[in-house]
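Notes for the one structure printed next.
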Amino acid sequence: MQRPWLLLLSLLVLSGCDNTPTGREQLALVPDTLMADFGRQAFVQMQQQLPASQNDNANSQVQCVAEYLISRIPARFPDSPLPDSWEIVVFADATPNAFALPGGKIGVNEGLLQVANNDAQLAAVIGHEIAHVLARHGNERLTQELGIKAVLFLIGLFSEGDADTENILQALGVGAWLGIALPFSRAHEEEADVMGLELMASAGFDPRQSTQLWRNMAAASGAQPLEFLSTHPNHESRIEMLGEKMDAALRLYQQSSPVSCNQ
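If you're matching positions, the sequence shown starts at 510 in this note's numbering and goes up one per residue.
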């Protein structure tokens, strides 16, 4: 006789199978409301560990670029779960990095503005990070990392135990910020590149600047490990893939109204 929890597990797996905005099949079992809670908790933790930027120009530019991108999400990716509001924080950190979390949290380091030389290049990074959230990559990875049964424990179907904070931070893609190394998979990174390119172009940012952004990143980071040793695509592969998608992105850009965040 089949155990009741095995039947429940089978139903959850079937109901959790879905497609990302690019059409890729995905298994993401954690409720979006719970992922939003995890995102908010992780963001509070990061704000406790990293000082906020006092640079008015940096704050103004990041806020402006992010708001243009956010404004285009409902039209570009209408089926993606969205928060009621977004919080955008610039951190006083020289590392060129950014992230977005479920629950509408976006963080950008001051150091990114030394690599992203204009609004469009900044939009390429922020759009990429927002895409991770829209495609539910953190949910998918949390499902994979903890295992399906562990996820069921996590959401309270089997126990009332607390979630593993380290695994949650890893799954949300912010582990490296706190010394926990686990990058998004190569498939997630490539999907976020494609979605981010579409989002920035539809918001009025020149998508051609995305490839220049990654050339800047390559110059800033120096030598990289061989691609097959990393879950991230190397810079040249990333630039090549973006180039292949550029014609479609340019059509979106030509249909939009070019924007500028210059004060």
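Don't be surprised by glycine CBs; every beta carbon is placed ideally from N, CA and C. Note that the structure is predicted; figures quoted are calculated from it, not measured.
Rounded separation between residue i and residue j - CA only
i, j, result
"V574", "L610", "17 angstroms"
"R724", "H744", "7 angstroms"
"D588", "S766", "24 angstroms"
"D541", "T529", "14 angstroms"
"S594", "Q718", "28 angstroms"
"E700", "F586", "13 angstroms"
"V617", "Q556", "12 angstroms"
"V599", "D715", "23 angstroms"
"L781", "E534", "Outside the shown range of the chain (510 to 772) lies residue 781, about which nothing can therefore be said."
"L520", "D527", "Residue placement at L520 is flagged as unreliable, the pLDDT there being 41, under the threshold of 50; the coordinate-derived value follows with that caveat. Spanning the two alpha carbons is a distance of roughly 13 angstroms."
"Q703", "K754", "Per the sequence shown, residue 703 should be read as Val rather than Gln. V703 and K754: Cα-Cα distance of roughly 7 angstroms."
"L559", "E619", "12 angstroms"
"A625", "M726", "8 angstroms"
"C770", "L538", "38 angstroms"
"T652", "L622", "34 angstroms"
"A632", "A696", "21 angstroms"
"G532", "E596", "28 angstroms"
Burial state of residue i, where buried means 16 or more other Cβ atoms lie within 10 Å
i, result
"R645", "buried"
"G713", "buried"
"Q764", "exposed"
"Q630", "buried"
"N566", "exposed"
"G773", "Because the chain spans 510 through 772 in this model, residue 773 falls outside it and cannot be assessed."
"D756", "exposed"
DSSP-derived helix/strand/coil call for residue i
i, result
"L643", "helix"
"L591", "coil"
"V617", "strand"
"A561", "strand"
"F586", "coil"
"D702", "helix"
"N771", "coil"
"D546", "helix"
"D715", "coil"
"Q764", "helix"
Whether residue i touches residue j by CB criterion (9 angstroms)
i, j, result
"P592", "A545", "yes"
"F552", "G612", "yes"
"R747", "E698", "yes"
"A603", "E638", "no"
"L759", "A710", "yes"
"V777", "G548", "There is simply no residue 777 to check, as the chain begins at 510 and stops at 772 in what is shown."
"L708", "A640", "yes"
"A601", "S562", "yes"
Enclosing alpha helix (DSSP H) for residue i [first to last residue]
i, result
"G752", "H744 to E753"
"Q535", "It is not in any alpha helix (DSSP H) - Q535 instead sits in the beta strand (DSSP E) that spans E534 to L536."
"S719", "Q718 to S730"
Beta strand (DSSP E) segment containing residue i, residue limits
i, result
"F608", "A607 to L610"
"V599", "E596 to F600"
The ligand PLP heavy atom lying under 8 angstroms from the CB of residue i
i, result
"A640", "Absence of the ligand PLP is noted for the structure shown, with no ligands found whatsoever."
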